[in-house]
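Below is one structure, written out as structure tokens; the observations come after it.
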Amino acid sequence: MFDVPLEVKQPPTIIKQSLKEHIVDPKETMVIECEAKGNPYPIFSWRRNGKYFNVARDSQTSMRRRSGTLDIYAKNNPEQYEAEYQCIASNQYGSAYSNKIRLMLYRAPVWPREIQEPVVVSAGLPLVLPCDPPPGPPRPETYWMKSCSYARPFNWPVQTAFPTMKAVPQDRRVSMGVNGDLYFSNVLFNDSVTDFCCNTRFPYKNIIQQKMPVVVKVLINWLMCCYCASLLTRSVVEAAPSWLTPVGTSSSVVVLQGEELLLECVAAGMPTPHITWTKDGGSLDVTSRMKVKNFNKLIQIPKAAFEDAGEYICSATNRLGYIEHTITVRVKAAPFWLEKPTNLILAPEENGRLVCQADGVPRPTIEWFINGEPIEFATHQPNREVSGDALAFRSATVENTAVYQCNASNQFGYLLANAFVNVLHAPPRILSPRSEYVKVIEGTRTFLDCLYFGSPLPELRWSKYGQGNLEGNRFKTHRNGTLQINRIQVEDQGTYICVVSNIAGREESQVQLEVKEPTIIVTKPQNMKVMRGTNVRLDCVVKSDATAPVTATWLKEKSYITLGWRFNMEEGNLLISSVNRRDEGNYTCLAKGELDQKSASAQLLVMDRPDPPTDLQLSDPYERTVRLTWIPGDNNHSPITEYFVQYDDDDWLPWKWRNLTSYPGNLNSVILHLIPFTYYEFRVIAVNEIGPSRPSRPSSRFQSSGAPPDVIPKNLKGVGTWRNNMEISWEPLSYREWNGPHLKYLIWWRRRDSREEWRNATTKWLRYWIYDADTFTPYQLKIQAVNEFGLGPESPIVIGFSGEDRPVASPLNLRVSDIQSTQVTLHWDTVDKNSIMGELKEYKVYYWRDSSQLRWHRVNRGMKSQSFPDDSPEPSGVLSELIPYSNYKMYIVVANSRYEGPASNYIHFSTPEGVPSVPKSFRIQQRHLDSIYVDWELPAEPNGVITGYSLKYQTVNASRGEELRVEEFLPNVTSFSIPRFDRYTRYRFSIAARTQLGLGEWYTEESPHYTTEIYAQDQVDITTQGWFIGIMCAVVLLVLILLIVCFIKRSRGGKYPVREKKDISLEPVDDKEPEGSFDYRSLERITRVPTLPYHPRREEERGIQRGQPSLESMMKRAYSDDSLVDYGEGGEIPFNEDGSFIGQYTGARRDVRDLDYGGGLNSIYSLA
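So the sequence shown is numbered by full-length UniProt numbering: it starts at 1 and just counts up by one.
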């Protein structure tokens, strides 16, 4: 039978509830789930700690609509809600009870931030670093890290600015226990070079917390150890094994069936003990359910079973002793179901029973409840009785309808099951879909569903086309109404009818069945062995039913292959390009039809690089050699041709591997040649046709014997740092060149020009200073390295010099010749070599541009220098990169390697004219549709008197033969207008300035593209616009009024405020003039109306900026000495004033003849 349809009246059934131990976060909404079904829909209530919990009266608790789920918003005092809850779902037919749900609050992990004091322990003794993580709930995961803090212990050789935290490597000596503590079977000196910290991760919130780091200080007898860590193991006292955990000789463990069983034994001792296990007096049989971990210290059984009970003995041994510990394991069991009671539907006067069978260790107690009430206290019903593990009903009546609870419990837990008994009278009802259309594959097993319900239980009959009864041979009818057809055939197609009936009625349903051909893989993929980098094709040809589509996909190791640039499909076949080792594996072609699927697999083997060698062993040490032996790794289907042996020594650069030598691939034992007094680790790399393997695991550390140094320190030199000393320096020997401990350097020196004895000194540093030396005196130097095993070879003799002093003389007779516009030749007299007080390095000239020969041109007076390493009797040099038409000053000094001497005499010289730089601010503008306007400014460096400008221009498409045109301009002309033949014509312009020496550098620019359609239309129509005509009339009227006022004032005379024009002070002029007076300064407030559609450049302002007046302003001043133009804003109309004396007071105005424009200009223009 199956679930009762909800349309039928029935008692409640719990369908969803929270776990028995429910952990919630008090900072969020705490949810306790409880969902149930029934007809009528059940009403929910709750118990807390066995008492009725009034949800409506709790302001922080609410129950969801049409549900029993509780939402607890515990903003205040959430601890009060830590309790045991039970949900009750009730309707008129009974009450169903949930499990007792224990609500636990998630505890935020808080670790005290106390400072961990360093742990001091002697080398060789055991050590336990406790973790003590916050308890939860839930229980956190624990792991240990090292190098947790920024600060390093004082003896750590590499100081870093940031933490380099990484996991603590665990081995037989160091491991973490199941309680989170870190166990050291014995402590070595290397344990003190870092710090340790315990970290925990809380899975509920995925929060990681770190305990404050702790530093381990290891005490060791330094007289028994020189430099290397491996000697430390020989300098400690050995000890027999003893137990760190568990303590004593025996202990016991109780574990529940299905829970995790952990058995741990950690021993102390020196050397590190080996741990072994036995069970019940025999060897430990490690099954698939069992894992031996943590270097044999831990037995883990994820799900304990009764056969895991017994006596486990762990033993620890080293060469000094043997100990044992016996752990007795007892397996108990919380109750578990053998047969869980299920809902029971009975018709009136029908018999039935609810079965409740459970087991456990110890055996659980079975209790029955009716609607949550113990059956002993419920209303007695004579047709109901408890019989063993069952509750029996005889001649059931409607009064037997209720929810019955079975509770099985022992000391380790309980089980609670709800099952209702529903006594009712119901006609048959088919619950499966009506008129189904089912497609199946020929030869398969087929099921036709006909789920039904009724009370009393209806009879069911299957037939084909309504004829006969299908039963026997290949047909079988199940209790739930499903028809099973074995090895279905094509002739089984047709219509199948399911009929159910009881005393209350009859109902039927039809199923249409169609049989299709199966999918078949005709060509299957074959096993292949290929070389890495080749292309592979795996075939897969599929045949299927003609009316059903089929698709082929490929899987590798049961995972679908993502097609890409290396994996492609072609008509179902798989193409793999450039195979590599990762492509090796089992490939499956999966052909999916409409109803079925078939698969075929093949193994792909890829010949790849070999696996790394293993088990490296060192033997036969002799002076500077040792034998290395290894076990070759898998060659991956390609023979090994060569082995590379690499080494890592103790040069304070861990894991820096270097090649030592190579050997043929048929060897696995070789003699290695080593450097004296060096700790080595070796690893081996195998090579075949495909390439090199990954490196092997390093060998154990090995120390070669010591010897005197073999190497001479390089780059020995002596250099003075002061006038009476010499610093002797050299390059250090690398650590691998020491050949022994306590390396030092023996330095020898004596004066080269004397026969004195050699003097020497020994130092461990890389410099040695000699004091009380004469200035710049040569010394003979040599050096040799020395260690505890003896002296190394001597170096060749080198010459060093003591320090230099400041020169006491300056070069004399500094002079110049061959003065050109940009360079000049210098001459000077040499100084006495004894006055240099050292080795002559150079003569250095300091010079600066004092001024320009153009009085108006400002210059940068920054000082520059140039060196001349000339030591000839008549030294000279060329000073270049000068600026033409400038005045320069300079002096010269002599310099040795450290100092410069006093300055020589200062001299002056001037450079002649040169060619100018490019004109500044070259612009190309379109101011009319039919012309292009260009203008420019004076060059940044005129390099002389500008005599004019040259402008070359040509249309851009010059290939059509347009002539290159050249225009010459006077120095005061800085603009030019060019007509355009059409609006799309573009020009290329080149502009250059000219002095008497010729043209300067050319500047070239092309005119841009102008979009002129809209602009041209506006220009054509503007003269016909009314607003433009009105503005023009107003401008004309304003000009006429201005002219009339000017003539009237001129005829009546006026008083001129010449106080600002005179060179001497005048009496104050009263601003309040008498009637009829006029101040021409008021003209400055009259806005000039331009006659062009653009604003002309103000030549006066531009002339002041460039330092040279324009030709236009000259002509205006020559036309009228007393013009108002000199005092106005710069208008075009010259108003002459006869008898005016303005010109007598104009200090800013000059006569044209005083302006220096060159002789050519004055001869062309006469401004008389």
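By construction, the Cβ of each residue, glycine as well, lies at the ideal position given by its N, Cα and C atoms.
Should residue i and residue j be called a contact, given that it needs their Cβ atoms to be closer than 7 Å?
{"i": "P374", "j": "E442", "result": "no"}
{"i": "T911", "j": "S821", "result": "yes"}
{"i": "S835", "j": "P796", "result": "no"}
{"i": "Y85", "j": "Q405", "result": "no"}
{"i": "I892", "j": "Y843", "result": "yes"}
{"i": "A419", "j": "L354", "result": "yes"}
{"i": "V684", "j": "V645", "result": "yes"}
{"i": "P971", "j": "N943", "result": "no"}
{"i": "T641", "j": "N688", "result": "yes"}
{"i": "R980", "j": "V956", "result": "no"}
{"i": "D608", "j": "R566", "result": "no"}
{"i": "L424", "j": "L451", "result": "no"}
{"i": "T763", "j": "Y735", "result": "no"}
{"i": "residue 1169", "j": "I728", "result": "Shown here, the chain extends from 1 to 1168; a query on residue 1169 therefore has no answer."}
{"i": "L1037", "j": "G914", "result": "no"}
{"i": "T365", "j": "S315", "result": "no"}
{"i": "A304", "j": "L261", "result": "yes"}
{"i": "L298", "j": "E264", "result": "yes"}
From which residue to which residue does the beta strand (DSSP E) around residue i run?
{"i": "S669", "result": "S669 to H673"}
{"i": "I503", "result": "I503 -> no beta strand (DSSP E), and no H or E assigned at all."}
{"i": "I836", "result": "Taken as a continuous stretch (DSSP letters only), I836 belongs to no beta strand (DSSP E), being part of the alpha helix (DSSP H) at K833 to I836."}
{"i": "residue 1169", "result": "As shown, the chain starts at 1 and ends at 1168. That puts residue 1169 outside it, with no answer to give."}
{"i": "V121", "result": "V119 to S122"}
Whole angstroms is fine: what's the gap from residue i's alpha carbon to residue j's?
{"i": "P713", "j": "I747", "result": "11 Å"}
{"i": "T194", "j": "P169", "result": "13 Å"}
{"i": "A347", "j": "L470", "result": "28 Å"}
{"i": "I15", "j": "L129", "result": "49 Å"}
{"i": "A89", "j": "E376", "result": "22 Å"}
{"i": "E1112", "j": "R1050", "result": "For E1112, the predicted structure reports a pLDDT of 39, less than 50, and the residue's modelled location is therefore unreliable. A value from the coordinates is still provided. Answer to the nearest angstrom: the Cα atoms are 26 Å apart."}
{"i": "M165", "j": "C34", "result": "46 Å"}
{"i": "G321", "j": "E117", "result": "34 Å"}
{"i": "K20", "j": "M290", "result": "28 Å"}
{"i": "Y933", "j": "W1002", "result": "19 Å"}
{"i": "Y984", "j": "Y953", "result": "16 Å"}
{"i": "residue 1188", "j": "I327", "result": "What is shown of the chain runs 1 to 1168, which leaves residue 1188 out entirely."}
{"i": "T397", "j": "A591", "result": "57 Å"}
{"i": "L416", "j": "P335", "result": "10 Å"}
{"i": "S122", "j": "E238", "result": "12 Å"}
{"i": "L344", "j": "A309", "result": "40 Å"}
{"i": "A41", "j": "S95", "result": "With the sequence shown as reference, residue 41 is identified as Tyr, and Ala is not the correct amino acid for it. C-alpha separation (whole angstroms): 12 Å."}
{"i": "E459", "j": "T29", "result": "52 Å"}
{"i": "E472", "j": "T401", "result": "In the sequence on display, residue 472 carries Gly and not Glu. The straight-line gap from Cα to Cα measures roughly 38 Å."}
{"i": "V681", "j": "D132", "result": "Note that residue 681 is Glu in the sequence shown here, rather than Val. Cα to Cα, E681 sits roughly 37 Å from D132."}
{"i": "E967", "j": "S950", "result": "6 Å"}
Residue i lies in the alpha helix (DSSP H); which residues open and close that run?
{"i": "S463", "result": "It is not in any alpha helix (DSSP H) - S463 instead sits in the beta strand (DSSP E) that spans E459 to K464."}
Which whole-angstrom value is the C-beta distance of residue i and residue j, which I expect to be below 8 Å?
{"i": "Q526", "j": "A602", "result": "6 Å"}
{"i": "A36", "j": "P12", "result": "5 Å"}
{"i": "L244", "j": "V266", "result": "5 Å"}
{"i": "residue 1180", "j": "V515", "result": "Because the chain here runs from 1 to 1168, residue 1180 falls outside it and cannot be looked at."}
{"i": "N724", "j": "D772", "result": "6 Å"}
{"i": "I1029", "j": "P919", "result": "No, I1029 and P919 are not in contact; Cβ-Cβ is about 41 Å, not under 8 Å."}
{"i": "Q853", "j": "S886", "result": "7 Å"}
At 3 residues or longer, and completely inside the UniProt domain "Fibronectin type-III" (712–805): list those beta strand (DSSP E) runs for me, N to C.
717–719, 726–729, 744–751, 759–763, 767–770, 778–787 and 798–801
Contained beta strand (DSSP E) runs [length at least 3] in the UniProt domain "Ig-like" (335–422), N- to C-terminal order
Within the UniProt domain "Ig-like" (335–422), the runs of beta strand (DSSP E) that reach at least 3 residues and sit entirely inside it are, in chain order, 344–346, 352–355, 357–361, 365–370, 384–387, 390–393 and 402–410.
What runs of the alpha helix (DSSP H), each 4 residues or longer, lie entirely inside the UniProt domain "Fibronectin type-III" (810–914)?
For the UniProt domain "Fibronectin type-III" (810–914), whole alpha helix (DSSP H) runs of length 4 or above, ordered along the chain, are 833–836.
Mind listing, in chain order, the continuous alpha helix (DSSP H) runs of no fewer than 4 residues lying wholly within the stretch 671–710?
Listed in chain order, nothing qualifies, since the stretch 671–710 has no complete alpha helix (DSSP H) run of 4 or more residues.
Within the stretch 164–224, ranges of the beta strand (DSSP E) (whole runs, at least 3 residues)
174–176, 182–184, 195–202, 207–210 and 214–219
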